[in-house]
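Take a look at the structure below.
Numbering (the numbering used here), first residue to last: 13 to 405.
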């Protein structure tokens, strides 16, 4: 179905931070499959894990159990707030599980009318029906019938507006600690702590969507850790599989009280292939030196972006984000720079609010940053030249 508009280029191979098209042209990948290829392309440990498992067992369904699923769940429990893990194939499925769990929690406690989920403007929670209603983006809702009941949207980062919106029917609050699609906007730690306090006071479940900003991308394993608080429920995916389809809904034991036999399911979720790759990805992501590198290279990248901003103050208005989830807010359509970057062998993407979004693999080094910034420099120069804008401006 023609729901995408990709360039007429077929990619055929990749290694580390590089990908190659059918003509052999090399590209530096600073998109990482939209924050998915956290360990780059064809990471040897992930390839080995998948290959080994492919010769053992592919699929059983959750009618039966496998040790790989139990042990990977135990690993994620050991490094997070969670007591339970439900494996999915994608981020939007993890969101769906989170939404269902939240409403079932209150139903089980004898409050069936407590169903409202409050989200925020600019949010993105996937393309499922529940996901687009939770986010409330009209561009994604148009044409798909009436909005689902029980979903509200609040102004991003406004704690007073959130407090005023909460009532006796509020079941959960869902947010991304760092919005990706919404313009690479990070919520302040003080705001996240205030939301946590409200949820504790009102018996509201706090749901974090860390599908894009989690798995080490912010410089901590999960972005909410910068605020020193934890959610009740969290949806994760993308980077936790390193390129293999894998997501999960994590929750506390208390939040999960309604999730009993028969209340939810997935045919492919937690399949042996995904679990094998998930183990290998987890082991790499949780190495102490791994996040040290993310923070070190991220600082280097931000300094380089500041240099670009100084060179093109009329084009680059703001540098956003955290870790290796970054955005350059531009005064022009970011699609122009994205397309110029593609022509010059650099893959980046865009986000709302005229933002050029940069999501490289978490294994990049200083040389990769220098090359990417050099290409972006060339792109901005090309644009200014095409517009006959003097360099002195």
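We put the beta carbon where it would ideally sit given N, CA and C, even for glycine. Given the structure is predicted, the values throughout are model-derived calculations rather than measurements.
8 Å CB neighbourhood of residue i in its chain, flanking five on each side removed
i           : result
residue 22  : 33 and 34
residue 405 : In this prediction, residue 405 scores a pLDDT of 42, lower than 50, which makes its location untrustworthy; no coordinate-derived value is stated.
residue 31  : 23, 25, 38, 39, 41, 53 and 359
Range covered by the beta strand (DSSP E) that runs through residue i
i           : result
residue 128 : 128–132
residue 33  : 30–33
residue 114 : No beta strand (DSSP E) holds residue 114; the alpha helix (DSSP H) holding it covers 103–120.
residue 41  : 38–41
residue 259 : 259–263
residue 342 : 337–342
residue 363 : 361–363
residue 348 : Residue 348 -> not in any beta strand (DSSP E); alpha helix (DSSP H) instead, spanning 346–355.
residue 97  : 96–100
Option in the options with minimal Cα separation from residue i
i           : options               : result
residue 380 : 126, 366 and 358      : 358
residue 146 : 396, 71 and 110       : 110
residue 52  : 142, 308, 375 and 280 : 375
residue 377 : 25, 129, 42 and 84    : 42
residue 292 : 67, 177, 54 and 213   : 54
residue 103 : 258, 231, 201 and 38  : 258
residue 40  : 371, 395 and 90       : 371
residue 277 : 37, 256, 58 and 76    : 76
residue 84  : 207, 167 and 288      : 288
residue 192 : 157, 164, 242 and 364 : 364
residue 134 : 179, 157 and 186      : 186
residue 252 : 170, 273 and 225      : 225
residue 256 : 322, 282 and 228      : 282
residue 174 : 343, 91, 368 and 130  : 130
residue 171 : 202, 188, 272 and 162 : 202
Opening and closing residue of the alpha helix (DSSP H) in which residue i lies
i           : result
residue 247 : Unbroken run through residue 247 is the beta strand (DSSP E), 245–248; no alpha helix (DSSP H).
residue 302 : 300–323
residue 81  : 79–90
residue 297 : 284–297
residue 75  : Per DSSP, residue 75 belongs to no alpha helix (DSSP H) and is neither H nor E.
Own chain, CB closer than 7 Å to residue i, minus 5 neighbours either side, in chain order
i           : result
residue 318 : 331
residue 269 : 117 and 120
residue 393 : none
residue 265 : 95 and 96
residue 19  : 354
residue 231 : 303, 306, 307, 310, 334 and 335
residue 356 : 387, 390 and 391
residue 383 : 40
According to DSSP, residues forming a beta bridge with residue i
i           : result
residue 23  : 33
residue 220 : 187 and 246
residue 141 : Answer is none; residue 141 lacks a bridge partner.
residue 166 : 132
residue 378 : According to DSSP, which records beta bridges pairwise, residue 378 is partnered with nothing at all.
residue 178 : According to DSSP, residue 178 bridges with nothing at all.
residue 198 : 190
Same chain, Cβ closer than 6 Å to residue i, neighbours up to 5 away in sequence not counted
i           : result
residue 402 : In this prediction, residue 402 scores a pLDDT of 48, lower than 50, which makes its location untrustworthy; the coordinate-derived value is nonetheless stated afterwards. Once the five neighbours on either side are set aside, residue 402 has no close Cβ partner at all.
residue 182 : 128 and 216
residue 280 : 101
residue 126 : 118, 181 and 183
residue 67  : none
residue 244 : 217, 218, 264 and 267
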